[in-house]
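Working notes, beginning with the structure itself.
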């Protein structure tokens with residue numbers, strides 16, 4: 173019981189600290205804009221020249237696939253800063269002095285990451301309700317087909333993304349820019365492979381999970397349907413689509429169990445992260461590009477301490493009056509400070 177109490181307060185404190193930042197307001201604004209883009213027709217789900225009527229089931233699955241497709245990649249970079257923030261603010265060193273274990277800390281950060289992503293999912297679910305009412309193709313709201321895709325497809329996917337963010341921060345060689353690039357390729361693989369292999373069990377984002385049901389419904393209504401399936405994002409397509417009524421996924425016990433397995437996968441990733449987490453051990457941190465300063469020389473048998481003289485060359489400020497601010501000079505100086513010590517391959521990248 174004490175462990176759950178500890179995890180709750182750790183995740184709650186981290187979550188509240190994040191939502192009080194201006195960056196979180198920007199994230200919420202971007203989420204609302206995504207909901208607007210779907211409602212305006214800039215994000216569409218098409219099956220060749222057919223689409224579903226914008227009833228609760230169709231709106232729910234359209235918003236869910238938009239969430240898993242876009243938030244799964246953007247959300248990773250939004251939440252991948254929890255451990256680094258504790259490291260930079262020195263809060264981590266304080267936590268390291270407590271009985272808090274590495275696994276408990278990683279679980280708390282995972283719960284915090286998941287809470288932030290769940291808020292985004294919740295906003296898009298509310299946008300789905302508004303979208304159906306504005307569309308007016310089906311005025312009657314059906315809560316089960318509208319919300320179950322968010323609960324059983326989007327949230328498990330966000331749980332895994334939140335765990336991957338903790339794992340990437342805990343593994344030193346994945347915590348920086350290389351990890352950011354590596355995740356993008358990992359995300360593309362997780363998106364494409366299940367669809368190409370027709371393996372629903374590995375379909376984290378739910379596209380292949382939904383694709384089979386939608387194709388069967390379209391083929392039952394239109395025998396000439398060629399099997400094309402696409403989730404499009406871009407300028408509005410003004411073609412007139414033939415519509416059919418889709419009643420949603422038939423959630424059998426097996427399908428629900430397959431989706432809940434992803435929560436166990438997320439927890440397993442957190443266990444892996446805890447194995448690599450250094451628990452803010454300052455001795456394990458590498459001093460990158462730190463100049464070696466002359467050390468004091470202590471004479472054996474004597475209490476006197478002498479130091480090597482330091483020779484420091486500083487550029488004197490101009491003595492002339494009327495010295496004016498130069499944007500170009502400040503810009504070049506700040507750029508040199510920012511880029512100093514970086515490898516050539518980083519600059520090339």
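In the working numbering, the protein residues as written are 173 to 521.
Built from N, CA and C at the ideal position, the CB exists for glycine as well.
Note that the coordinates shown come from a computational prediction; the quantities given were computed from them, not determined experimentally.
Self-check item: Selection from 431, 186 and 246 that minimises the alpha carbon distance to residue 198
Solution: The shortest C-alpha separation from residue 198 is found at 246.
Quiz prompt | Per-residue DSSP class, three states only, for residue 224 | solution = Three-state DSSP puts residue 224 in a strand.
Quiz prompt | Alpha-carbon to alpha-carbon, residue 244 and residue 356 | solution = If I take the Cα positions, the gap works out to 10 Å.
Quiz item: So, is residue 228 buried or exposed, given that buried needs 16 or more other C-beta atoms within 10 angstroms?
Solution: Residue 228 is classed as buried because its beta carbon has at least 16 other beta carbons within 10 Å across all chains shown.
Practice problem: Leaving aside the five residues before and after residue 218 along the sequence, list all residues of the same chain whose C-beta is less than 6 Å from its C-beta, in chain order. | Solution: So the list reads 402, once near-sequence residues are dropped.
Practice problem: Over the uninterrupted beta strand (DSSP E) stretch that includes residue 402, give me the two end residues. | Solution: Residues 402-405.
Quiz item: Can you list the alpha helix (DSSP H) stretches of 4 or more residues lying completely in the segment 266-352, in chain order?
Solution: With a minimum length of 4 residues, the continuous alpha helix (DSSP H) runs that stay inside the segment 266-352 are 274-307, 315-321 and 327-342.
Quiz item: Between the C-alpha atoms of residue 445 and residue 368, what's the straight-line distance to the nearest angstrom?
Solution: Cα to Cα, residue 445 sits roughly 29 Å from residue 368.
Quiz prompt | Span of the alpha helix (DSSP H), counted from its first residue to its last, around residue 415 | solution = Boundaries for residue 415: no alpha helix (DSSP H) harbours it, while the beta strand (DSSP E) harbouring it runs 414-416, taken from the DSSP string.
Quiz prompt | Separation of residue 201 from residue 333, as counted between CA atoms | solution = Taking the straight line joining both Cα atoms gives about 21 Å.
Quiz prompt | Continuous beta strand (DSSP E) stretch holding residue 242: start and end | solution = That residue, residue 242, is in no beta strand (DSSP E); it is neither H nor E in DSSP.
Self-check item: Inter-residue Cα distance where the pair is residue 162 and residue 520
Solution: Since the first residue shown for the chain is 173 and the last is 521, residue 162 is missing from the structure and cannot be characterised.
Quiz prompt | Anticipated Cβ contact below 8 Å, residue 434 with residue 328, distance rounded | solution = Contact flag correct, Cβ pair sits at about 4 Å.
Quiz item: Taking the continuous alpha helix (DSSP H) assigned at residue 211, which residues delimit it?
Solution: For residue 211, the enclosing alpha helix (DSSP H) covers residues 194-211.
Quiz item: By the 10 Å Cβ neighbour count, where 16 or more other Cβ atoms means buried, how is residue 256 classified, buried or exposed?
Solution: Here residue 256 is exposed, its C-beta having fewer than 16 other C-beta atoms within 10 Å.
Exercise. Give every residue of the same chain whose Cβ lies closer than 6 Å to the Cβ of residue 475, excluding the five residues on either side of it in the sequence, and list them in chain order.
Key: Because residue 475 carries a pLDDT of 47, less than 50, the predicted location of this residue cannot be relied on, and the following value inherits that uncertainty. Sequence-distant partners of residue 475 (beyond 5 residues in either direction) whose C-beta falls short of 6 Å from its own C-beta are missing from its chain.
Self-check item: residue 216, enclosing alpha helix (DSSP H) - first and last residue
Solution: From DSSP, residue 216 is part of no alpha helix (DSSP H) but of the beta strand (DSSP E) over 215-218.
Quiz item: Is it true that the CB of residue 296 sits closer than 7 Å to the CB of residue 362?
Solution: In this structure, residue 362 sits away from residue 296, with a CB-CB distance that is not shorter than 7 Å.
Quiz item: Can a CB atom of chain D be found closer than 7 Å to the CB of residue 336?
Solution: The question asks about chain D, but that chain is absent: this structure has only one protein chain.
Practice problem: Indicate the three-state DSSP secondary structure (helix, strand or coil) for residue 356 in the structure shown. | Solution: Residue 356: helix per DSSP, three-state reduction.
Quiz item: How would you label residue 366, buried or exposed, when you count the other beta carbons within 10 angstroms and need 16 or more for buried?
Solution: Under a 10 Å Cβ-count criterion, residue 366 is classified as buried, with 16 or more other Cβ atoms of the shown protein chains found around its own Cβ.
Quiz item: Got a sec? Which residues, its chain only, sit under 6 Å from residue 431 by beta carbon, not counting five neighbours each side?
Solution: If we look at residue 431 and ignore the five residues flanking it on each side, its Cβ neighbours are 324 and 328.
Exercise. Tell me whether residue 436 sits in a helix, a strand or coil according to DSSP, three-state version.
Key: Three-state DSSP puts residue 436 in a helix.
Quiz item: Between the segment 411-419 and the segment 207-226, are three or more C-beta pairs nearer than 8 Å?
Solution: In short, these stretches touch, since the Cβ pair count reaches three.
Exercise. Check the C-beta distance from residue 187 over to residue 287 and give it rounded, since I have them as a contact under 8 Å.
Key: Confirmed, about 5 Å.
Quiz item: Can you name the start and end residues of the alpha helix (DSSP H) that residue 258 belongs to?
Solution: Residue 258 -> alpha helix (DSSP H) spans 254-261.
Practice problem: Give the range of the alpha helix (DSSP H) segment to which residue 374 is assigned. | Solution: Looking at the DSSP string, residue 374 is not in any alpha helix (DSSP H), and its letter there is neither H nor E.
Quiz prompt | DSSP state of residue 512 mapped onto helix, strand, coil | solution = Residue 512 falls in the coil class under three-state DSSP.
Exercise. Ignore the nearest five residues each way along the sequence and tell me which others in residue 239's own chain have a CB closer than 7 Å to its CB.
Key: The answer, listed in chain order, is 293, 296 and 326.
Quiz prompt | Enclosing alpha helix (DSSP H) for residue 180 [first to last residue] | solution = Looking at the DSSP string, the run of the alpha helix (DSSP H) that includes residue 180 is 174-191.
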